[in-house]
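Have a look at the structure below, then the notes.
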Amino acid sequence: GSIFQKTPEAPVILWDFEAKQPLAVLKGITVGVKRLAFSPDEKFLGCIGDNNTFIIWDTNDGSAIHTHVFEHPVLLLSWGEIQTDINPKHPSYIVVTASASAVNINTLEYDISSMQYYLNEGSCQLPNTG
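Take 1 as the starting number for the sequence shown in the UniProt record's numbering and just add one per residue.
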């Protein structure tokens, strides 16, 4: 929601600053937005909502290409380097998310058979505190 609209939806608006108009309205987040991060080439936008919903949108068409709800609050959303060595036309992306007790190192990869990106989720082993 916002101060202008008292509904649970919290759309993210991609804005063209020079043209002073919206490029896309990205839906799927409710209540509010906690974290936003563009991929290094700005082809994707990752978002963590107040209800721990994690969405990755394609900024070209506004489609949600990945949605996941975490059990615990997410404190970090960050993109790593773009990996172009296997498929330069459709590179892979590292997306890191973290909560108080877990770090996830995910890979956003292009699947040639379905002709779309998907997120391969991976967790990082953390040492015991002792």
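All residues carry an ideal CB built from backbone N, CA and C; glycine is no exception.
All values derive from a computational prediction rather than experimental measurement.
{"Item": "Give the straight-line distance between the Cα atoms of L14 and Q125, rounded to the nearest whole angstrom.", "Value": "35 Å"}
{"Item": "Determine the DSSP secondary structure at F44, reduced to helix, strand or coil.", "Value": "strand"}
{"Item": "So is S101 buried or exposed if we call it buried at 16+ other beta carbons inside 10 Å?", "Value": "exposed"}
{"Item": "Among D16, V12, G80, which residue has its Cα nearest to the Cα of T30?", "Value": "V12"}
{"Item": "Just to check my reading of the structure: S92 and L76 have Cβ atoms closer than 8 Å, yes? What is that Cβ distance to the nearest angstrom?", "Value": "20 Å between Cβ atoms; not a contact."}
{"Item": "Three Cβ pairs or more, each shorter than 8 Å: is that satisfied between the segment 110-120 and the segment 52-72?", "Value": "yes"}
{"Item": "Which full runs of the beta strand (DSSP E) of 3+ residues lie inside the segment 6-80, going along the chain?", "Value": "12-16, 21-26, 33-38, 44-49, 53-58, 64-69"}
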